[in-house]
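Student:
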Amino acid sequence: MGRVTPTTRPPADVVLRGEVVTPTELVPDGVVVLARDRIAWVGPAHQLPGEWAGDLPADPAPGTTLLPGLVDLHDHGGGGASFPDATTREEALIAVHEHLRHGTTSLVASLVTAPRDVLLARAELLAGLADAGHLVGIHAEGPFLSADRCGAQNPADMLAGDPALVADLVEAARGHLVTMTVAPEVPGVADGHGARDGRAAVDDVLAALVRGGVVPSVGHTDASAEQVDAAVGRARALLAGGRRSAAA
């Protein structure tokens with residue numbers, strides 16, 4: 001079993017003892033040491049380095065199982081609360097705490113297709129939770145999706161590609177918008193012909209996402225394989241161009 005063994009061990013913030021699940025084995029009497037927001041050490045209790053021995057609980061807590069936290073990259077809510085519908089911090093936190101209670105320690109909150117003002121308001125609200133560490137990011141599922149593949153989303157709110165709206169979402173999310181689901185066949189998404197309002201130099205949604213540091217994904221789409229391949233190729237080219245600009 002691999003263990004982190006730093007040359008100079010930082011003071012322990014938390015020392016947990018119980019049955020420990022690792023990628024390779026189950027340790028009946030194991031220890032997890034947390035220091036400086038990192039997992040500093042994992043292993044059997046009898047092998048705990050002396051620097052942390054004074055923090056070791058006398059016995060494992062009965063029924064305690066320690067395992068890696070779950071990571072959810074696309075989540076609309078929980079516990080009776082919905083991220084797309086939440087209008088207050090308290091409502092959104094209901095969903096966050098529900099998932100944390102069940103072992104999800106890294107959560108990306110997902111929005112759905114909605115009117116422009118609603119999307120911007122929700123992005124700003126969730127950005128506050130991300131600032132506080134309750135979320136690791138925000139995912140926008142729409143509004144540049146196929147009405148023919150709308151699923152549970154409202155097709156009336158779906159839009160042609162609008163790079164300016166992407167830029168506004170990125171700004172409202174204060175750097176926490178990490179992914180956006182798009183349908184590449186929708187005009188203005190991946191064809192270089194997105195709507196403009198004179199404020200942005202981007203020419204479609206993919207370009208706007210790359211400029212904003214947001215990862216595009218494909219979903220709710222009626223695109224052909226060729227259209228998807230073309231969109232992936234365009235995104236790759238945009239990313240490569242961004243790297244060259246940064247290097248220069």
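Under our numbering, the sequence shown has 240 at position 240, and the numbering climbs by one with no breaks.
Where is the CB? At the ideal position from N, CA and C, for every residue including glycine.
Out of G50, V14, W52, G80, point me to the one whose CA is closest to R36's CA.
Tutor: Residue 36 sits at position 36 when you count from the first residue of the sequence shown. Minimum Cα distance to R36 is reached at V14.
Student: Closer than 6 Å by C-beta to A130: which residues in its own chain qualify, once you throw out the five before and the five after it? Chain order, please.
Tutor: The sequence position of residue 130 within the sequence shown is 130, counting from 1. Cβ within range, chain order: H176.
Student: Do L111 and D72 have their CB atoms nearer than 9 Å?
Tutor: Numbered from its first residue, the sequence shown carries residue 111 at position 111. Numbered from its first residue, the sequence shown carries residue 72 at position 72. Their beta carbons are not under 9 Å apart, which means L111 does not touch D72 by this criterion.
Student: Cutting at 7 Å between CB atoms, please list the residues of its own chain near A160, excluding the five before and the five after it.
Tutor: For this step, residue 160 is matched to residue 160 along the sequence shown. Excluding positions up to five away in sequence, the list reads V186, P187, G188, A195.
Student: So what's G198 in DSSP terms, helix, strand or just coil?
Tutor: Locating residue 198 in the sequence shown gives position 198, counting from the first residue. Caution is warranted here: a pLDDT of 49 is assigned to G198, below 50, making its placement in the model unreliable, and the coordinate value is therefore given only provisionally. Coil, per DSSP.
Student: Measure from the alpha carbon of G18 to the alpha carbon of each residue in P62, P11, I39, V33, then state which is nearest.
Tutor: Here residue 18 refers to the residue found at position 18 of the sequence shown. With distances taken between Cα atoms, G18 lies closest to P62.
Student: Identify which residue in L145, A190, T113, R211 has its Cα closest to the Cα of A230.
Tutor: Here residue 230 refers to the residue found at position 230 of the sequence shown. Nearest option by C-alpha distance: A190.
Student: Using a Cβ-Cβ cut-off of 6 Å (strictly less than) and excluding sequence neighbours within five positions of L16, which residues of its own chain qualify?
Tutor: Residue mapping note: residue 16 aligns to position 16 of the sequence shown, counting from 1. Correct list, in chain order: V32, L66.
Student: Name the two residues that bound the continuous beta strand (DSSP E) containing D203.
Tutor: Counting from 1 along the sequence shown, the entry for residue 203 is found at position 203. It is not in any beta strand (DSSP E) - D203 carries neither H nor E in the DSSP assignment.
Student: Quick check on S224: buried or exposed, where buried means 16 or more other Cβ atoms within 10 Å of its Cβ?
Tutor: Counting from one through the sequence shown, the residue named residue 224 turns up at place 224. S224 comes out exposed.
Student: State buried or exposed for I138, treating a residue as buried only when at least 16 other CB atoms are found within 10 Å of its CB.
Tutor: For this step, residue 138 is matched to residue 138 along the sequence shown. Result: buried.
Student: Rounded to whole angstroms, what is the Cα-Cα separation between Q47 and A58?
Tutor: Numbered from 1 along the sequence shown, position 47 holds the residue referred to as residue 47. Numbered from 1 along the sequence shown, position 58 holds the residue referred to as residue 58. Each residue's alpha carbon lies about 14 Å from the other.
Student: Out of curiosity, what's the CA-to-CA distance linking T88 and D29?
Tutor: Translated into positions along the sequence shown, residue 88 becomes position 88. Translated into positions along the sequence shown, residue 29 becomes position 29. If I take the Cα positions, the gap works out to 42 Å.
Student: Output yes or no for whether 9 Å exceeds the beta carbon distance between A109 and F144.
Tutor: Translated into positions along the sequence shown, residue 109 becomes position 109. Translated into positions along the sequence shown, residue 144 becomes position 144. Their beta carbons are not under 9 Å apart, which means A109 does not touch F144 by this criterion.
Student: Would you call the CB atoms of A293 and G192 closer than 9 Å?
Tutor: Lying outside 1 to 248, the shown extent of the chain, residue 293 is not represented and no answer is given.
Student: Over the uninterrupted alpha helix (DSSP H) stretch that includes D168, give me the two end residues.
Tutor: For the purposes of this step, residue 168 is taken as the residue at position 168 of the sequence shown. Counting along the chain, the alpha helix (DSSP H) containing D168 begins and ends at 163 to 172.
Student: How far does the beta strand (DSSP E) with V14 in it reach, from first residue to last?
Tutor: One-based indexing of the sequence shown puts residue 14 at position 14. Taken as a continuous stretch (DSSP letters only), the beta strand (DSSP E) holding V14 covers 14 to 21.
Student: Which residue comes first and which comes last in the beta strand (DSSP E) that contains V182?
Tutor: Translated into the one-based positions of the sequence shown, residue 182 becomes position 182. 177 to 182 is the extent of the beta strand (DSSP E) around V182.
Student: So the beta strand (DSSP E) A140 belongs to, where does it begin and stop?
Tutor: On the sequence shown, position 140 is the one that residue 140 refers to. Segment 137 to 141, the beta strand (DSSP E) holding A140.
Student: Tell me whether G43 counts as near the ligand GTP, meaning its Cβ is closer than 8 Å to at least one heavy atom of that ligand.
Tutor: The ligand GTP is not part of the structure shown, which contains no ligands of any sort.
Student: With 16 other CB atoms within 10 Å as the buried threshold, where does D148 fall?
Tutor: As a position in the sequence shown, residue 148 is number 148, starting the count at 1. Under this definition D148 is an exposed residue.
Student: If you draw a straight line from the alpha carbon of A12 to that of W52, how long is it in whole angstroms?
Tutor: Reading the sequence shown from its first residue, position 12 is the one you call residue 12. Reading the sequence shown from its first residue, position 52 is the one you call residue 52. One C-alpha to the other measures close to 7 Å.
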